[in-house]
Every structure is written in C-alpha cells, then in structure tokens.
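Note sheet for the following structure.
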Amino acid sequence: MKVLAAMSGGVDSAVAAARAVEAGHEVVGVHLALSRMPGTLRTGSRGCCTIEDSMDAQRAANVIGIPYYVWDFSERFKLEVVDDFISEYEAGRTPNPCMRCNERIKFAALLEKGLALGFDAVCTGHYASILSDDEGNLELHRSMALAKDQSYVLGVLTAEQLQHSMFPLGHTASKDLIRAEAAERGLSVAAKPDSYDICFIPEGDTQDWLADRLGNTTGEIVDMQGNVLGEHKGAHGFTVGQRKGLQLGRPAVDGKPRYVLAVDVKTNKVVVGPQQALAVVELTGNKFTWCGKPKENPEVLFPAHVQVRAHGEQVACEVAVVDGAMVIRCDEPIYGVAPGQTAVIYLGTRVLAQTTIDYTVSAVDSFSTASASIGSSVNGAV
Amino acid sequence: MTVYLDYAATAPLRKEVFECYAEHLQNLGNPSSVHSTGQKIRRALEEARESVARSVDCNRSEVIFTAGGTESDNLAIKGLYWQRNSEEIVRPLIVSSGTEHHASIDPMEWLQNHDGAEIVWLPVDYQGIIDFDFFEKFLEENHQRVALVNLMWANNETGVVTDMAKVVAIAKKFDIPVHSDAIAAFGHIPVSFSNSGLSTMSISAHKVGGPVGAGALIVSRSTKLVSIIHGGGQERGMRSGTMNAPVAKAFALAAELAVAELETETKRLSALRDRLVQGVLALSPLAHHTARDSKRMPHNAHFTFEGCSGDSLLFLLDQQGVCVSVGSACQAGVNGPSHVLVAMGRTEREALGCIRMTLGKESTDADIDAVLAALPKALDGAARAGLTS
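So the protein sequences, as listed, match chains A and B.
Take the first sequence: its position 250, counting from 1, is numbered 251 in the working numbering, and each next residue is one higher.
Take the second sequence: its position 111, counting from 1, is numbered 435 in the working numbering, and each next residue is one higher.
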C-alpha cells in the first residue's frame, strides 16, 4: 500500500512510520503545518507544531529513509478546530479539540488529500488497534497499552475512514517499549517528552487564551440556591467538574470542596456545589456516528460501556437510539460531564459509536430541584 | 533520474569552481596577517575582489564580501537606514515593495518593529510592476523623510525584471540612496553596478554556480553605511570577520563564468523556457503564466494552477523525479500562499497554487520533455486534492 505517515515530530508517529515501512508499505512522511506562525522551539511538553517539531519529524523521516513533506492545513485547522473550540466555550460547552482534529483534519482533510494524491491510507502513532470481524468488517479497538489507549479520540472514525487508517502501535503493550524501539532505531526523538497541552495554546493556560479571544466579563460565582459566593473574571474557560482556580476564599459550610456544576454563559454565572451534585446518570447526544459497522436494532436498549474523557474510566451503561438521538443510561453515576464533551461507547474493547453530549441528567433529585434555572443548567440545557 | 528545475533556489556547483575552491582551501594563511604567508592569501582574496568587480562592473574597493545574500541585504538596509538617521534629520521612511524577498522584507520589518522605521509599500500591478507615478509623486511629497529606496533588480519567484534605471533616476532627483537586491538577477541578465547609480547592491554566489555561504554587497565609494557586524574592521570596516579567500575565489570564478556565458545562455535558456511555457499552457486550461506581459528573466517560468495547491503539485512532480518550487518556503518548510503573488493582486487561494520552474547551465530539452510528461498526472491529482490548506 501507499501510506501517508502523519509525523508530528514526536516519538509515537516516528515509530509508527518506521513500522509501516517495515511492514512493506511505500511510506511518505508528512508533517501537518497547523499554524502559519509556528513557534521556534518547544518548551518541555508545552505546545507542538513548532519549527523544532517539524525539524524533528524531518530528521526521523531521514533516519527511517522515507520522503518527507510539510503540508499546510493551517486555514482548515483554524476553521474546523480552533474556531470550533472558541465557539463551543462561548456557548458554555467543553469541546475536545484533539477529537475535532482527528475528525476533520487528520482523517478528513489529510486523508482526502492523500487519497486524491494516490495514497491508500493514513498512518498515525495513535495507541489503538484496527481488527477485522468474522465478516471482514473493520473494527476499532482499545490499544494493548491500556494506560496509553487513545481509542477514545479516534471514536469519530467511520467505517470508510477505518478502511484507510493504520495504527501500527496498537499491539504494543506500553509506551516504554515504543521509546526503547525508537532508541534502537536511532531516532533522536526517543526521549522527547510527551505533549499534553492543547497544541494551539502554547502557554498552556486555556483560560487566559480564551479570555484574550472572548473577553473578560466579571460575573458571579453562585451556589445552587443562587447565593453569591464570589466573583470570576469571565465564565468562559470554566469546565464542569473543575475544582481548582475558583478562588472563593472561604470554605463551604460542610467543609467539603466545591466544584463547578454549570457554566451559564447567558447570565455569565458559574454555579458551584458539592461533588455529589456532579453525579450524572444519563447522557443524550443529538448527533452520533458509528465507528465501523453500526449496531443492529439500536433502538432496543443494549448493554455497553461509556467513556467521557480521553483518559477517563469507562462505566457500564445501557444505550439506545431514541428519536434519532443517542441516549446513554449509566449503571453508576459519572462525575463532571459537560455538554460538548464526547461520549464514546464501547462493546468490550471495541469502539462502537460516539456522540457529542447535549444533555445530562443529574443523579440526585434533591439537587436538580434546588432551583429551576440552576436545575436546568445542571442538566446542561444550554 | 532527477530533473532539476529549481536553479533559482540554488544552482549546481560548477566543476571548475569546485576545483578552484578545493585548491584554495589547502592554502594556509589569514589575509589580515602581515607576514608573507598572510600576504599570499591576501593576494588571492584581492584577485577575487577584482574579478567580482569586473563581473558586476564596479570598482574593486566597492566589493564587500559577505557570507551570503541575506547578510548583504541586512547590511545594506539596516546600514543605510541607520546611516541616514545618524544625521540631524529624522528619516523614518523606507520605500519598497511587497514583492521583495524575505531577506529584504524582514530587515525592513525588523526596523519598523524595533527602530521606528515606517515601510512604504509601493503599489504593484497584476504583472508585477511597481507604480512609478505613485513612486515619483510620493518622493516629491515626502523625500525629506525617506531614508532609502529598496527594490529588487529581478524577482526571485516570478522572474519579473524591475526597470532599475527608472527607479534610480527618480530617487536621484531627491538624493535618496537606492539599495537593490540583485541576487536573482545577477548572472542571468546584464547587471552593471557603475551604470546603475545604485548605492548598494546584493549578489550571491550559489545562484550562479558558486558555493553556498558566499555573497557580496557592492557599496558605491560615495555611500556610507553603519556596520552591523563589529570586530576586526575587515572589508572597509563594514563587515568584520576573518576574510574567506577560498570562498571568494570560488565565488569570483562562478561569477566570471556566468557573466561570460550570459549572452549565449540567455538565448539557449529563453528558447527552452518558451518551449516549457507553451507546453504547460497547452496541457491545461487551469494553467496561467504569471506576468507574461512583463520583462522577465530568461530562465524563469512561473505559473498558477487554478484550484490546485502548490504543495500537491510539488509532491506529485517530486514523486516523478521532477524538482520544482512553490511560493516562498519559510524555515519550517511550510508553503503558505506566495506573498509575492498576493502583492501582485492575486487572492490567497490563487497564490497557493503556484509553481516556479527555473533553468540553468545543465538544463536541456530532455528536461523540458520530462516535466511536460510528468505534469498531466500531477495536475490531475492536484486538481482532485483541491485546495486544502
């Protein structure tokens, strides 16, 4: 196959490209330029897509012995990922930009371009596996390295995209093994730190970055009864479930920590309360996609597991498609779920579907009834 | 087999130049040393200086050797700007054009961001020609505040040649010094520094078959410049640092050969270039020949391809062994829309779909055949991939 290896300049994508070569594919390395004004150097794990990353990717391609190009996707990235990120926060939701990037850039814009230019597949360094069922349908599964598993952020892939995707790291049991392999292969990125932050926020401070773009309007931090507890410098950037950075000064009456329960951008209020109030038992997403072959009779409630954040635990649940929306009932409450986040449905290790959460239902009735407006906010009706 | 159509990026080191370079690299001595070993190497350096002076038609003392074209442009632009503002009059304005090379734009923008300069971007038409009426009128009204005029002799991307005589004639009326980046022009079209009336002019060795890392700034005897590199005071005090005789020798020989062959090469390369242009235009209605009505350099063919992205075309041609160039590559290797084309009134989308092909000493009819054979597949794929940036 002719394979386009997306090379970020990190160790994972470098080893993935090397493995694709070894598997006998004709591989071309490509680095996605996601900004026209890239920074010069990386600072530790902060940011990516700097010139240093591009140089690291090029050097890795040279060592592996494959051609290397930089393709400019900056305009598309800004429209599809950065602007989406801003407008989601503006609407009081919590987006996952890595997921958007996979959905709209790596496995859409890049894949489409690759196919048009004669490639058969895009190869990345994601920790996930593509397996085939008895009928030859491709399925996306969790990585063997469970601690690094990235199947969650790939949940957006469709059957068509799976046909043209390649994840050579999925069968490796740990990241340490990948680093060791990179060192053995003479790749200088073997010891390069992982990148954790959002790549387009190089300083790592999401709240500051959003404030620059959405402005800072001082507003109230209130409890569930509507009592004013403090002030914030802009509701944008607060995330449901967030505990740090509230700066309320005085403890709650019960002495327990307070969490962000809801962000009401219309009234510019941040609602806080105890952890129990974060408990959610039902999630609904109006838009969903099947990852690979769709479930038969999805309108009939079926048992599955749900995961709501990239490195979160999965929770047992029951799922059904009701009136075109995906409804997920959790067997036990999950905490800190916000509209805008993605729920990924698993059957065993297989990724079955994903949906962007639009509504959540609280586990504790007494909290939901605390006040009408706050109740609806807690339930995510924004 | 590789078909190299990117001479404007860098030209192959000529065999004679390599031999000359290798020979002189073995000679001991610092040209600034007073003893006989130093004097011997000094002699080689000064021979090179005289040779370069003959090639660009200037006085030997006007040749300031540098480590390349970018350094030459930096020295000229910053040096002239600071010199012109070292007197009592404040002259913040630098008159230039958006089609300049980054080696020229970035020093101007640096002065704007750090030292109070204001860049005046002259209007440029669709064919890449500056608006001379605007230029003259602007100088009439603002000449007392203008530090320098900075316009390239020929454009490195589109190959469009500037009417330097006209530029200098206008600037001279107001006693304003003119710097010209002649890096793309020198060795490809006749360039005479002494006839030009320029104050400073940049040239580079590797564009004419010399080694990378060698260039010169030609500074007229009557021009004063503030140095940007301080040290031992070499090169008329304008460019400190141990003088590099072997590289100067190699540069001088490459320049000499390019100038000696200019007339015959111009005829040969124009014919090849015309064949290339006609062939490309015949291949696809999506192809547009850039600045076709302007005076252009004989070895340059520049196109935009509607609905195609330059990096797709470059990739698909490269896969077939054909090396061309797109837009202006920044140091991360990202091919953004060409700023030159944007300055010439193209939209960003149009400017993304450009390809530059440049010919040189070793280019042959077979190269033109090869690129014309490779293009249909590349255009087909690039059109399918569309403009995803």
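Here a beta-carbon is modelled for each residue, glycine too, at the ideal position from N, C-alpha and C.
- A Cβ-Cβ distance of about 7 Å is found for the pair B:Leu404 and B:Ser523, placing them in contact under the 8 Å criterion.
- Residue-level contact by beta carbon fails for B:Phe629 and chain A, as no gap is shorter than 8 Å.
- In the pairwise beta carbon analysis, the region 145 to 160 of chain A is classified as touching the region 121 to 135 of chain A: at least three pairs are separated by under 8 Å.
- Burial check for B:Pro514: the Cβ neighbour count within 10 Å stays below 16, so the residue is exposed.
- The region 323 to 333 of chain A and the region 281 to 289 of chain A touch, with no fewer than 3 CB-CB distances between them shorter than 8 Å.
- Sorting B:Cys344, B:Ala690 and B:Ile443 by C-alpha distance to the C-alpha of B:Arg469 places B:Ile443 at the top.
- Among the bridge pairs identified by DSSP, B:Asn624 is matched with B:Thr682.
- Take A:Val223, set aside five residues on each side of it, and the residues of its chain with a beta-carbon closer than 7 Å to its own are Val229, Leu230, Lys270 and Val272, in chain order.
- Here B:Phe629 is buried, its C-beta having at least 16 other C-beta atoms within 10 Å.
- Listed in chain order, the alpha helix (DSSP H) elements of length 4 or more contained wholly in the region 18 to 105 of chain A are 52 to 65, 75 to 78, 84 to 91 and 98 to 102.
- Of the residues assessed, B:Phe458 falls on the exposed side of the cut-off, its CB having fewer than 16 other CB atoms within 10 angstroms.
- The three-state secondary structure of B:Phe498, taken from DSSP, is coil.
- In the three-state scheme derived from DSSP, where H, G and I count as helix and E and B as strand, A:Pro304 is classed as strand.
- Contact annotation: the region 503 to 521 of chain B touches the region 481 to 488 of chain B, with at least three C-beta pairs closer than 8 Å.
- Contact between B:Ser421 and B:Trp445 holds, with the beta-carbon distance rounding to 6 Å and staying under 8 Å.
- When the alpha-carbon of B:Phe627 is set against those of B:Glu674, B:Val646 and B:Ile679, the nearest one is in B:Ile679.
- In terms of Cα proximity to B:Ala538, the closest of B:Cys632, B:Phe342, B:Ala333 and B:Asn568 is B:Asn568.
- Under the Cβ distance rule, B:Leu640 counts among the residues neighbouring chain A, one pair being separated by less than 8 Å.
- The three-state reading of DSSP puts B:Asn519 in helix, counting H, G and I together.
- Below 8 Å, too few C-beta pairs join the region 358 to 375 of chain B and the region 333 to 340 of chain B to call them touching: fewer than three.
- Cβ atoms of A:Gln342 and A:Thr95 come within 8 Å of each other, at about 5 Å.
- Cβ-Cβ distances below 6 Å link A:Arg186 to Ala19 in the same chain, with the five nearest sequence neighbours on each side left out; the list follows chain order.
- Within its own chain, the residues whose Cβ lies closer than 7 Å to the Cβ of B:Asn479, once the five positions on either side in sequence are excluded, are Thr423, Gly452, Ala508 and Val664, listed in chain order.
- From the listed residues A:Pro194, A:Gly216 and A:Gly250, the smallest Cα separation to A:Glu232 is found for A:Gly250.
- By the neighbour-count criterion, in which 16 or more other beta carbons inside 10 Å mark a residue as buried, A:Thr356 falls on the buried side.
- The C-beta of B:Ser636 comes closer than 8 Å to at least one C-beta of chain A.
- In the three-state scheme derived from DSSP, where H, G and I count as helix and E and B as strand, B:Glu460 is classed as helix.
- Excluding its 5 nearest sequence neighbours in each direction, B:Gly521 has C-beta neighbours in its own chain below 7 Å: Val492 and Lys496, listed in chain order.
- 8 Å or more divides the Cβ of A:Phe86 from the Cβ of A:Ile106.
- Taking 9 Å as the upper bound on Cβ-Cβ separation, chain B lies near residues Glu113, Lys114, Gly115, Leu116, Ala117, Leu118 and Gly119 of the region 113 to 129 of chain A.
- For B:Asn354, the closest of B:Gly565, B:Ala441, B:Gly561 and B:Gln407 by C-alpha to C-alpha distance is B:Gly565.
- Only exposed fits B:Ile413, as fewer than 16 other CB atoms lie within 10 angstroms of its CB.
- Put simply, the region 253 to 271 of chain A does not touch the region 308 to 316 of chain A. Fewer than three CB pairs are less than 8 Å apart.
- Burial state of B:Met668 is buried, judged by a 10 Å Cβ sphere holding 16 or more other Cβ atoms.
- B:Pro514 sits in coil when the DSSP states are folded into three classes, being neither helix nor strand.
- Secondary structure at B:Lys548: coil, using DSSP grouped into helix, strand and coil.
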